[in-house]
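Comments concern the structure below.
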Amino acid sequence: MKKKRRVKQVKSLLIQFVWIFAIGGGLLVAAWYLYPTKKDQLHFIEDKLEEVQKQKEILTEKELKLKELAVQKEWEEVDNDNNK
């Protein structure tokens with residue numbers, strides 16, 4: 069009786085280990101394939117830079133004037149802080 073129960077416990081334990089290693093291995097394989105390479109990261113950064121450049125080109129005249137005013141105001145604040 070004891071031997072059958074012991075065999076059943078060991079079998080159950082082995083099945084649990086197999087599941088743990090199978091799931092862990094699957095996660096490692098998925099992480100390996102999904103992890104971006106340096107080339108992918110560079111491509112992503114280049115795409116973002118292109119988007120920003122396109123957005124700058126799209127600005128209307130009024131938006132450009134507002135941007136210039138904001139920059140001037142920031143510099144005036146810096147000058148005022150430096151003069152104190």
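Take any residue in the sequence shown, note its place counting from 1, add 68, and you have its number in the working numbering. Ideal Cβ placement from N, Cα and C applies to all residues, glycine included.
Under the three-state reduction of DSSP, L102 is assigned to helix.
The three-state secondary structure of L81, taken from DSSP, is helix.
Under the DSSP assignment, L137 falls in the alpha helix (DSSP H) whose first and last residues are E129 to N151.
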